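Each residue of the sequence shown is one higher than the one before, starting from 2 at the first, in the numbering used here.
A virtual CB, placed ideally from N, CA and C, is assigned to each residue, including glycine.
As the structure is a computational prediction, the values presented were derived from the model and not from experiment.
Structure first, commentary second.
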Amino acid sequence: MQITIELKDKEVTRMSSMRAERVGEQMKKELMDIINNKVKDPRVGFITITDVVLTNDLSQAKVFLTVLGNDKEVENTFKALDKAKGFIKSELGSRMRLRIMPELMYEYDQSIEYGNKIERMIQDLHKQDR
2 MQITIELKDK EVTRMSSMRA ERVGEQMKKE LMDIINNKVK DPRVGFITIT
52 DVVLTNDLSQ AKVFLTVLGN DKEVENTFKA LDKAKGFIKS ELGSRMRLRI
102 MPELMYEYDQ SIEYGNKIER MIQDLHKQDR
């Protein structure tokens, strides 16, 4: 009997993480549309959402994004997104069917920048070999 309970708990965890992934993918698409078409703050620059990671209980969403521009523009974009958080959350709530809308936390994704840096280093090595 106890083995069945343990297996049940693992199954619930696996199913809830799969749901979190599905909701995260949908949320990523909706957030891109909301930020690009509905948020009118001029401080919001060109944004690409690279990933949305939700907790298994869907109470928090970490939104990973990149911003085209220098450090000052990135900072201004994050300030604008923070100011528009309530509007974005309400827009998201009207588009998605969730009992509770997750708390949005924005985080700068450095992976693309890091990838570009590695690419430049590889190109420089190839130039030196010639």
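Return the bridge partner residues of residue i from the DSSP annotation.
i      : result
Leu55  : Ala62
Met106 : Lys63
Ile50  : Leu66
So what does DSSP say about residue i, is it helix, strand or coil?
i      : result
Ile101 : coil
Asp72  : helix
Arg121 : helix
Taking just the CA atoms, how far does residue j sit from residue i?
i      : j      : result
Lys90  : Leu32  : 9 Å
Gln61  : Gly46  : 24 Å
Asp110 : Asn117 : 13 Å
Thr78  : His127 : 36 Å
Gln73  : Arg44  : The question names Gln, but residue 73 is Lys in the sequence shown. Spanning the two alpha carbons is a distance of roughly 10 Å.
Ile119 : Ile36  : 30 Å
Leu99  : Gln129 : 55 Å
Asp125 : Tyr115 : 15 Å
Val40  : Leu82  : 9 Å
Would a check of beta-carbon distances place residue i closer than 9 Å to chain D?
i      : result
Arg100 : In the structure shown, chain D does not exist; there is a single protein chain.
Once the 5 residues before and after residue i are set aside, which same chain residues still bring their CB inside 6 Å of it?
i      : result
Ile123 : none
Gly94  : Met102
Using C-beta distances below 8 Å, list every residue in its chain close to residue i, excluding the 5 sequence neighbours before and after it, in chain order.
i     : result
Gln27 : Met97
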